[in-house]
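J.: Supplied in structure tokens, the structure appears directly below.
2 protein chains.
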Amino acid sequence: MLSWEERRSLVKIANLYYNDGWTQEQIAKKLGVSRPVISKSLQKAREHKIIEIFIKDETVHTVNLEKKLEEHFGLEDAVVVPISGQTPDVVKLSVAQAGAYYLSKNIKKAKKMGISWGTTLEALVQEYPYEMKKNITIFPLEGGLGRKKVEIHSNQLAYELAKRLGGTCSYLYAPAMAESSELRERLMKMDDINAVLQEAATVDIALVGLSNPYVQSTLEDIGYLNQNDLEQLRQLGVVGDMGFRFFDLNGNPVNSSFNKKVIGISLEQLRNIKKVIGVVSGAHKAESVLAALKGNYINVLVLDEQIATELLYASE
Amino acid sequence: MLSWEERRSLVKIANLYYNDGWTQEQIAKKLGVSRPVISKSLQKAREHKIIEIFIKDETVHTVNLEKKLEEHFGLEDAVVVPISGQTPDVVKLSVAQAGAYYLSKNIKKAKKMGISWGTTLEALVQEYPYEMKKNITIFPLEGGLGRKKVEIHSNQLAYELAKRLGGTCSYLYAPAMAESSELRERLMKMDDINAVLQEAATVDIALVGLSNPYVQSTLEDIGYLNQNDLEQLRQLGVVGDMGFRFFDLNGNPVNSSFNKKVIGISLEQLRNIKKVIGVVSGAHKAESVLAALKGNYINVLVLDEQIATELLYASE
DNA sequence: AACTATATAGAACATATGTAAAAAAGGAGG
DNA sequence: CCTCCTTTTTTACATATGTTCTATATAGTT
Numbered sequence: 001m002l003s004w005e006e007r008r009s010l011v012k013i014a015n016l017y018y019n020d021g022w023t024q025e026q027i028a029k030k031l032g033v034s035r036p037v038i039s040k041s042l043q044k045a046r047e048h049k050i051i052e053i054f055i056k057d058e059t060v061h062t063v064n065l066e067k068k069l070e071e072h073f074g075l076e077d078a079v080v081v082p083i084s085g086q087t088p089d090v091v092k093l094s095v096a097q098a099g100a101y102y103l104s105k106n107i108k109k110a111k112k113m114g115i116s117w118g119t120t121l122e123a124l125v126q127e128y129p130y131e132m133k134k135n136i137t138i139f140p141l142e143g144g145l146g147r148k149k150v151e152i153h154s155n156q157l158a159y160e161l162a163k164r165l166g167g168t169c170s171y172l173y174a175p176a177m178a179e180s181s182e183l184r185e186r187l188m189k190m191d192d193i194n195a196v197l198q199e200a201a202t203v204d205i206a207l208v209g210l211s212n213p214y215v216q217s218t219l220e221d222i223g224y225l226n227q228n229d230l231e232q233l234r235q236l237g238v239v240g241d242m243g244f245r246f247f248d249l250n251g252n253p254v255n256s257s258f259n260k261k262v263i264g265i266s267l268e269q270l271r272n273i274k275k276v277i278g279v280v281s282g283a284h285k286a287e288s289v290l291a292a293l294k295g296n297y298i299n300v301l302v303l304d305e306q307i308a309t310e311l312l313y314a315s316e
Numbered sequence: 001m002l003s004w005e006e007r008r009s010l011v012k013i014a015n016l017y018y019n020d021g022w023t024q025e026q027i028a029k030k031l032g033v034s035r036p037v038i039s040k041s042l043q044k045a046r047e048h049k050i051i052e053i054f055i056k057d058e059t060v061h062t063v064n065l066e067k068k069l070e071e072h073f074g075l076e077d078a079v080v081v082p083i084s085g086q087t088p089d090v091v092k093l094s095v096a097q098a099g100a101y102y103l104s105k106n107i108k109k110a111k112k113m114g115i116s117w118g119t120t121l122e123a124l125v126q127e128y129p130y131e132m133k134k135n136i137t138i139f140p141l142e143g144g145l146g147r148k149k150v151e152i153h154s155n156q157l158a159y160e161l162a163k164r165l166g167g168t169c170s171y172l173y174a175p176a177m178a179e180s181s182e183l184r185e186r187l188m189k190m191d192d193i194n195a196v197l198q199e200a201a202t203v204d205i206a207l208v209g210l211s212n213p214y215v216q217s218t219l220e221d222i223g224y225l226n227q228n229d230l231e232q233l234r235q236l237g238v239v240g241d242m243g244f245r246f247f248d249l250n251g252n253p254v255n256s257s258f259n260k261k262v263i264g265i266s267l268e269q270l271r272n273i274k275k276v277i278g279v280v281s282g283a284h285k286a287e288s289v290l291a292a293l294k295g296n297y298i299n300v301l302v303l304d305e306q307i308a309t310e311l312l313y314a315s316e
């Protein structure tokens, strides 16, 4: 316990230092002591909570969540977007914007970049500013998905993003899912396809979405998965996918019948990319994200407050 | 005004620096920028009051005053803020900070909280840190006061505080003072209004300001009381008010013509709330506070040294 | 597309702060 | 009154921070 005398002195020093902006040297001179005494007094005042430093901003909460996510899952970066009572659509847009911002700040040195597919990434690309950074090539990470909703296909997103960056893009002229494993094999032997996939596996940055195939899934929406398929996936223990590659609770690849038909990079390959940025919105995806994190596929996560909270809660 | 991204980044840096004790160098490395950027960010954060340094200035003198106030008026707690030669504005801010600090340390178990109106409470709310304590609801204790100075209205303060606590709030969609007692009756019969007032009367904690209607009164400033009104109040022996409820020297409610027009909780109801925290600054309010204490409306008092001294002197 | 104006980041320097070890001061026991 | 021990202060050094000036990037304009 400090004496009142000492307390008074600490308060005085703290005031001169923090409120009046004096240097420790000046304070020392005024009080006729050496500078280290002032330095130590200030430390003591902090220890005894005579000086308290508050960080006061609405973003404090989400920034704390970010830090916890980074520590807990060994992420390079996490960006948590506040939901503040907004509808899922608005939140999704905010997440996309935050993703676009993050990307634009971190794309500097990248020469090659890959992009997956989906509605979240589509929104991200649309939000991306035109900034004419030459010398970048964007690669699609999977093939196309038929004629519906072309604007969310990997190829299309690669093209749009390249346009905004002033760079170029490659196309993967193949379906994301071949009709048979045999057809896939044949397509994979084609140079145009093979070369692009090889390159896609060696990008500096990959931008991916994540999905939960069972809830509000775009794959189901566009007719790629029917109830039977879903039942099959469920039986195999699938909890999520990234670019048609399904994984289980622990993030291990699940060898479904789809797996042999998919034309796109594998989970293994994805894991080897230095910087994989996952962009996710919607609480129903929490379980899928958790599994992907366990599988170590993701280095950077851009997500909404709600998923962030659930991830941390689930992994207590 | 700073963008969301920038504020987020400043908060992140401030957190690492002030809470986690990282050096600027370490932070710079982590974020991939040069050290001066961090130095400048911290300066910016200080300028924008994202970082606030609070010096808890308690001396023998103020602690003694607190103890005496507690004993003499049977208070649960008293917090006396030293004036140390500061201007009234600075003192008011210190009182508001102390109030915010006290509240944040004592709000833990509260599920429902009420808040009155006024410039002191506004400052308190602005000083309150964002801390995301879910499961609390804030209720306004009175209606609104016209179009002027909306930021000090009970409704607005309830909203702002709820935002900082991560909780929810109710609104009282009614004027603080109806044009006639007849209109008041009709409004009071409306479910939306009635229900909120009912709830407001059962909060765990109420945060109130006190005023002296005759000196530097905000009520007069915003045109709610004119000279005639004041004369009338004087004749009735009014020495202060809390939330438009006027009381006399002994703290007894005064049945002025206003009383029947006010939409807000009554002094009786206020007295029944377990923990009523009064936050007051400015010597001219000493008499009003004394009366309120006599009326037993207040359990905790946060005030400046000067009022504290006068209260004790007056009640020797 | 080229230019200018404006902002921003980084390198290098200047200053301020933190800390270990030596010196001095204070205090207790002989 | 001295000696030894403890505590505090100071000196000198190591680090960390703030600042200026230059280089670079960005935005706006013709």
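Note that the protein sequences, when read in sequence, are chains X and U.
Going by the UniProt record's numbering, the first sequence opens with residue 1, and the numbers climb by one from there.
Going by the UniProt record's numbering, the second sequence opens with residue 1, and the numbers climb by one from there.
Ideal Cβ positions, reconstructed from N, Cα and C, are used throughout, including at glycine.
These numbers were taken from a predicted model, which means no experiment stands behind them.
(1) With DSSP run on the structure shown, which of helix, strand or coil describes residue 147 of chain X?
(2) What residues match up with residue 211 of chain U in a beta bridge as DSSP calls it?
(3) So residue 275 of chain X packs on residue 71 of chain X, CB below 8 angstroms; how close in whole Å?
(4) Near residue 48 of chain U, which residues of its chain fall below 7 angstroms by C-beta distance, leaving aside the five closest residues on each side in sequence?
(5) If you measure from the beta carbon of residue 4 of chain X to each beta carbon in chain U, is any gap under 9 angstroms?
(6) Count the other CB atoms, across all protein chains shown, that sit within 10 Å of the CB of residue 148 of chain X; report buried if there are 16 or more and exposed otherwise.
(7) Let me see if you follow: with CB-CB separation under 9 angstroms, is residue 105 of chain U close to chain X or not?
(8) Tell me which same chain residues have a C-beta within less than 6 angstroms of the C-beta of residue 287 of chain X, skipping the five on either side of it?
(9) If contacts are defined as beta-carbon pairs under 8 angstroms, then residue 294 of chain X and residue 243 of chain X qualify, I think. What distance do you get, rounded to the angstrom?
(10) Under 7 angstroms, CB to CB, which of the residues in the stretch 50 to 64 of chain U have a partner in chain X?
(11) Short check: CB of residue 116 of chain U to CB of residue 208 of chain U, under 9 angstroms?
(12) Taking all protein chains shown into account, decide if residue 184 of chain X is buried (16 or more other Cβ within 10 angstroms of its Cβ) or exposed.
(13) Could you spell out the range, first to last residue, of the alpha helix (DSSP H) harbouring residue 113 of chain X?
(14) From U/203, U/128, U/292, pick the residue whose C-alpha is nearest to that of residue 245 of chain U; which is it?
(15) Listed in chain order, which residues of the stretch 127 to 138 of chain U have Cβ atoms closer than 9 angstroms to some Cβ of chain X?
(16) Taking all protein chains shown into account, do 16 or more other C-beta atoms lie within 10 angstroms of the C-beta of residue 113 of chain X, making it buried, or fewer, making it exposed?
(17) Where does residue 78 of chain U sit, in a helix, a strand or coil, going by DSSP?
(18) Which first and last residues belong to the alpha helix (DSSP H) in which residue 92 of chain X is found?
(19) Measure how close the beta-carbons of residue 95 of chain X and residue 303 of chain X come, nearest whole angstrom, since I'm counting them as under 8 angstroms.
(20) Taking only three categories from DSSP, how would you classify residue 279 of chain U?
(21) Keeping to the same chain, check which residues put their C-beta closer than 6 angstroms to that of residue 130 of chain U; ignore five residues upstream and five downstream.
(22) If you draw a straight line from the alpha carbon of residue 166 of chain X to that of residue 105 of chain X, how long is it in whole angstroms?
(23) Taking only the alpha-carbon atoms, compute the straight-line gap between residue 198 of chain U and residue 278 of chain U and give it to the nearest angstrom.
(24) Please list the segments of the alpha helix (DSSP H) lying wholly inside the stretch 33 to 86 of chain U, counting only runs of 4 or more residues, in order along the chain.
(25) In chain order, what residues of the same chain have a beta carbon less than 7 angstroms from the beta carbon of residue 151 of chain X, not counting five sequence neighbours either side?
(26) Can you check whether the CB of residue 200 of chain U is closer than 9 angstroms to the CB of residue 140 of chain U?
(27) Quick check on the DSSP output: the beta strand (DSSP E) that includes residue 304 of chain U runs from which residue to which?
(28) How long is the line joining the alpha carbons of residue 155 of chain U and residue 144 of chain X, rounded to whole angstroms?
(29) Checking contacts by CB at 9 angstroms: is residue 98 of chain X closer than that to chain U?
(30) Looking only at its own chain, which residues have a Cβ that is under 6 angstroms from the Cβ of residue 35 of chain U, when we skip the five neighbours before and after it?
T.: Concretely, from the data shown:
(1) Here residue 147 of chain X sits in coil by DSSP.
(2) U/241
(3) With a Cβ gap of about 19 angstroms, residue 275 of chain X and residue 71 of chain X do not count as contacting.
(4) 2
(5) yes
(6) Under this definition residue 148 of chain X is an exposed residue.
(7) With its beta carbon at least 9 angstroms from every one in chain X, residue 105 of chain U lies outside the interface.
(8) So the list reads 239, once near-sequence residues are dropped.
(9) Not really, about 18 angstroms apart at Cβ, beyond 8 angstroms.
(10) Within the stretch 50 to 64 of chain U, the residues whose Cβ lies closer than 7 angstroms to some Cβ of chain X are 50, 51, 52, 53, 54, 55, 56, 57, 59, 60, listed in chain order.
(11) yes
(12) buried
(13) Segment 112 to 115 is the beta strand (DSSP E) holding residue 113 of chain X; no alpha helix (DSSP H) there.
(14) U/292
(15) 127, 128, 129, 130, 131, 132
(16) buried
(17) strand
(18) Per DSSP, the unbroken alpha helix (DSSP H) holding residue 92 of chain X starts and ends at 88 to 106.
(19) 6 angstroms
(20) In the structure shown, residue 279 of chain U adopts extended strand secondary structure according to DSSP, grouped into three states.
(21) These residues qualify, in order along the chain: 164.
(22) Put simply, the backbone Cα of residue 166 of chain X is about 16 angstroms away from that of residue 105 of chain X.
(23) 21 angstroms
(24) 35 to 47, 60 to 73
(25) 122
(26) Yes.
(27) 300 to 304
(28) 53 angstroms
(29) yes
(30) So the qualifying residues of the chain are 24, 25, 28.
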